[in-house]
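First up is the structure itself, then whatever we jot down about it.
Number of protein chains: 2
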Amino acid sequence: MPAISTKGRLMPPSPIRKLVPFAEAAKKRGTQVIHLNIGQPDIATPEVALDAIRHLDRDVIEYSHSAGYESYRKGLADYYAGHGIRVTHEQIIITNGGSEALLFGMMSCFEPGDEVIIPEPYYANYNSFAVSAGVTVVPVRCTIDTGFALPAIADFEALITPRTKGILICNPGNPTGYLYSRAELETLRAIVLKHDLFLFADEVYREFCYDGARHVSALELDGLEQHAVLIDSVSKRYSMCGARVGAFITRNAELYATALKFAQARLSPPTFGQIASEAALRTPQSYFDDVTREYVQRRDILVDGLNSIAGVTCPKPKGAFYCVAELPIDDSDTFCQWLLEHFVHDGHTVMMAPATGFYANPESGRKQVRLAYVLEQGQLRLAVECLRHALAAYPGRSAVASAPQALVGGA
Amino acid sequence: MPAISTKGRLMPPSPIRKLVPFAEAAKKRGTQVIHLNIGQPDIATPEVALDAIRHLDRDVIEYSHSAGYESYRKGLADYYAGHGIRVTHEQIIITNGGSEALLFGMMSCFEPGDEVIIPEPYYANYNSFAVSAGVTVVPVRCTIDTGFALPAIADFEALITPRTKGILICNPGNPTGYLYSRAELETLRAIVLKHDLFLFADEVYREFCYDGARHVSALELDGLEQHAVLIDSVSKRYSMCGARVGAFITRNAELYATALKFAQARLSPPTFGQIASEAALRTPQSYFDDVTREYVQRRDILVDGLNSIAGVTCPKPKGAFYCVAELPIDDSDTFCQWLLEHFVHDGHTVMMAPATGFYANPESGRKQVRLAYVLEQGQLRLAVECLRHALAAYPGRSAVASAPQALVGGA
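First to last, the sequence lines map onto chains A and B.
In terms of numbering that gives the first Met the number 0, the first sequence is residues 0 to 410.
In terms of numbering that gives the first Met the number 0, the second sequence is residues 0 to 410.
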């Protein structure tokens, strides 16, 4: 047979989904699996979005404009204005989720062999888009003892080479939940301008900011008109992951025209998803207030619960709905699989994503896991108890996690 | 500002959509534009698909499996069985339209610099996916005087180099409407096996076969288990282009596992579109019978009408809903733009796709256009009359088309 491509061999399997067969086997044995492995919220999609779908008044489900419906893009521009981001509908391309926006961005901006600096741990699928575009990910290390704050400017500059072409951030962050301060973003702005780099900002968790913190967008930073690319998605905002509607946004006209050619090649983003997303723009503020209140409670239950387990370290994030915890274990891949294959507590077990997939070098995440607090509070309490018992029973337990627990409280 | 990538610069603009601004200007002047430029049918989407959307009974629009809903894939496997194609649901990945299936295939099978042979004229966006994957398209020329039949085996073999890794066909063909015979497919099979190549078969127009002709799938050919990839889509079958639901299908387990990693990277295909597509599997045969009858009538009106214009050559295709016509003109890009900018007949003009974008070398399509007969019969008659008057008035008219008209009738 003809050979598979190098890219195909290099493409990593999803660390979020790779344990799915073990979860399916556990369910077949009658074990209830608490899914904290994936950012699939149980929050209801806004009624206004579902109603638009249920009242569909079309006879032919046609292509839309390759950049998406103009009416939706105009509505989105208004939405951004409400968040302090000034863009026009002609600076927005609607995409098949944030994923396609990232792919368009990487394909449009980077040559094969170019380097993109990404604070790690980072969203695992960034590796996949980098492989697709032939781009090299250069990680800049964030550590659990600072709660995964942005590294110092010197750490970035030490990594910059003639091939460095961009920086990619996720804010608030998946997997850490870290929310960048304005000062941190100004640091990034300075690096980007000094070295003439693209700045990709994945801001799909914009609405999920806690404890009174305000989100600052990369598009609010002055002087980055030619450099900043905003990656967005309705998936989490409206708990509508399956709509597959995202956005690629830039004020750089040449880059916009380039990305639009990639958009034309795949004809159009999904019509049904756009109808739901345009309607979702009318979601009342009370929906977000309720969701935020719920996530804060969930976060506190999960993170406080984790930190109450001997040897576990978990900074409390200010955004998104993930956290990264360090566990007293030998190997997070082995532990997560063991939970599904060999552990049951009161009929339940927990599925998590090993953090090995969120680091450029898997060793860095060997004792860490990512947890998504996307389930209701009772399930999260149960998950914490499962983990408490599991860590006591796990044969590969190590004495203590490598980070000192005393640093956790204030992170 | 940082520079745009080489791929971004090489990516061609859509020849099907590049004249859109001129069409919009014509409409603003009050001219009715008859859109034969794009394969967007006016045929109604099956009620059974729209009903499934209108009766949506979900509270959360979740991700699906990265390969698509299992129930939909099982239903699709039954659909294929009904077309003589034996595949299981574990050989199917649901994609964001046929476009994404092609991208997954190219990324999984080909190295940058590998060569893929494509009979030309070919669907323009194949160039775009090739640019994305860094693949070189090597055209093998089909000519209008044979009605765009498959070239001789010697023509293929003359093009094969150590970098040749695959052959891509569209059957029935966009833009020519050509339907490959079983003998032609057996020819391809022999080349593929002899040179150990992948065979990509874009069969999204499977249902659109006329004059009693039967479609033969690449997956019906013996011995190609490791070589054949089927690219499919619901867009045309159910007049549901905006659903963005396609499929990547192969019996090659290693290739399937590789493509699935690309699918995992973008999380899932669209949920709404899959719901509509799964329901559409219950579309009654009478729908297809009615649609086929309608397209045959449309084809005959358009193709016979075109051939009745002095100097115009248009083979009558046996499949899909496109045709390529050779016109007595200097330049199809200029002519198509002129139609939108400077021509009106009884308040109407015609929008077509210049064939320059459907050839590796634009010169080959300089006198040709692609027309999609996706509008109702009255509009097609009007389009023919518009073209008759336009060709008489066009300043860049040449004496005769380059192909002798006598050859047209039997094509």
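C-beta: ideal position from N, C-alpha, C; glycine also.
Contacting residues, own chain, Cβ-Cβ under 7 Å from residue i (five flanking each side not counted)
| i | result |
| --- | --- |
| R162(B) | G112, D113 and E114 |
| I93(A) | A66, G67, Y71, R72, V244, A246, P268 and Q273 |
| V373(A) | G38, Q39, P40, D41 and F320 |
| V302(B) | C313, K315 and C322 |
| P361(A) | T355 |
| G395(B) | I328, D329, D330, T333 and F334 |
| Y237(A) | T44, P45, A48, A279 and T282 |
| T160(B) | E114 |
| Q376(A) | Q296, R297 and I300 |
| C413(A) | Nothing can be reported for residue 413(A), as the shown portion of chain A is limited to 0 through 410. |
Straight-line gap, residue i to residue j (C-alpha atoms, nearest Å)
| i | j | result |
| --- | --- | --- |
| V244(A) | M10(B) | 23 Å |
| V368(B) | G7(A) | 37 Å |
| S234(A) | V203(A) | 8 Å |
| Q225(B) | R297(B) | 39 Å |
| D329(A) | V137(A) | 26 Å |
| A151(A) | V215(A) | 19 Å |
| S127(A) | F199(A) | 16 Å |
| A402(B) | S307(B) | In this prediction, A402(B) has a pLDDT of 44, which is less than 50 and means its spatial position is unreliable; what the coordinates show is noted afterwards. C-alpha separation (whole angstroms): 15 Å. |
| P14(A) | A264(B) | 10 Å |
| G241(B) | N95(B) | 10 Å |
| V228(A) | F334(A) | 38 Å |
| K260(B) | V134(B) | 20 Å |
| A400(A) | R365(A) | Bear in mind that the predicted position of A400(A) carries a pLDDT of just 47, short of 50, making it too unreliable to give a figure here. |
| L406(A) | M106(B) | Any reading at L406(A) needs caution, since the residue's pLDDT is 37, under 50, leaving its predicted position unreliable; the model's value is listed next. For L406(A) and M106(B), the distance between alpha carbons rounds to 45 Å. |
| A252(B) | A80(B) | 19 Å |
| L55(A) | E61(A) | 13 Å |
| G409(A) | A157(A) | For G409(A), the predicted structure reports a pLDDT of 31, less than 50, and the residue's modelled location is therefore unreliable. The matter cannot be settled from this model. |
Contacts around residue i, its chain only, beta-carbon distance under 8 Å, and the 5 residues preceding and following it disregarded
| i | result |
| --- | --- |
| H64(B) | S267 |
| V349(A) | V32, I33, L35, L338, A382, C385, L386 and A389 |
| I91(A) | A66, G67, R72, L75, A76, A246, F247 and I248 |
| E183(B) | A148 and L149 |
Chain-ordered neighbours of residue i on chain B, where CB pairs are closer than 7 Å
| i | result |
| --- | --- |
| Y62(A) | Q39, C240 and G241 |
| Q263(A) | P12, S13 and R16 |
| L254(A) | I3 |
| F128(A) | A264 |
| K164(A) | P1 |
| L196(A) | P1 |
| S363(A) | Result: empty, since nearest Cβ-Cβ is about 21 Å, beyond 7 Å. |
| N360(A) | In chain order: nothing, as chain B lies at least about 20 Å away. |
Under 9 Å from the C-beta of residue i: neighbouring residues of chain A
| i | result |
| --- | --- |
| A43(B) | D58 and V59 |
| S65(B) | S13 and R16 |
| N36(B) | Going along chain A, no residue has its Cβ under 9 Å from N36(B), so there is no contact; the nearest lies around 12 Å. |
Proximal chain B residues relative to residue i, where beta-carbon distance stays under 9 Å
| i | result |
| --- | --- |
| G272(A) | I60, R243, P269, T270, F271 and G272 |
| T282(A) | Those within 9 Å of T282(A) in chain B number zero; the least Cβ separation is about 13 Å. |
Closer than 8 Å at the beta carbon, the chain A residues around residue i
| i | result |
| --- | --- |
| C108(B) | P1, I3, S4 and G7 |
| G96(B) | R265 and L266 |
| K260(B) | G7, M10, P11, P12, S13 and S127 |
| E99(B) | N95 and R265 |
Cβ-based neighbour list, residue i, same chain, cut-off 6 Å, excluding 5 preceding and 5 following
| i | result |
| --- | --- |
| Q378(B) | I33 |
| R205(B) | H214 |
| L167(B) | V115, I117 and F199 |
| T201(A) | It should be pointed out that residue 201(A) corresponds to Asp in this sequence rather than to Thr. Cβ within range, chain order: C169 and I230. |
| Y286(B) | P45 |
Chain-ordered neighbours of residue i on chain A, where CB pairs are closer than 7 Å
| i | result |
| --- | --- |
| N251(B) | M0 |
Chain B residues whose Cβ lies nearer than 8 Å to that of residue i
| i | result |
| --- | --- |
| P111(A) | P111 and G133 |
*asked:* Count Cβ pairs between the stretch 281-301 of chain B and the stretch 38-54 of chain A that sit closer than 8 Å; are there 3 or more?
replied: no
*asked:* Does the contact criterion of 3 or more C-beta pairs under 8 Å hold for the stretch 172-182 of chain A versus the stretch 303-320 of chain A?
replied: yes
*Touch test, the stretch 321-328 of chain B against the stretch 101-110 of chain B, Cβ-Cβ under 8 Å, three pairs minimum*: no
_Members of the stretch 46-57 of chain A near chain B, C-beta cut-off 7 Å_ = L49, I52, R53 and L55
*Given a limit of 9 Å on CB to CB distance, which residues of the stretch 1-31 of chain A reach chain B?*
P1, A2, I3, S4, T5, K6, G7, R8, M10, P11, P12, S13, I15, R16, K17 and V19
*Which residues, in order along the stretch 213-243 of chain B, keep a beta-carbon less than 9 Å from a beta-carbon of chain A?*
E224, Q225, H226, S234, Y237, S238, M239, C240, G241, A242 and R243
*Pairing CB atoms from the stretch 276-291 of chain A with CB atoms from the stretch 138-157 of chain A, are three or more of them under 8 Å?*
no
*Could you name the residues of the stretch 148-181 of chain B whose beta carbon sits closer than 9 Å to any beta carbon of chain A, in the order they occur along the chain?*
K164 and G165
_Please identify, using Cβ separations under 8 Å, the residues of the stretch 290-307 of chain A that lie next to chain B, in order along the chain._
none
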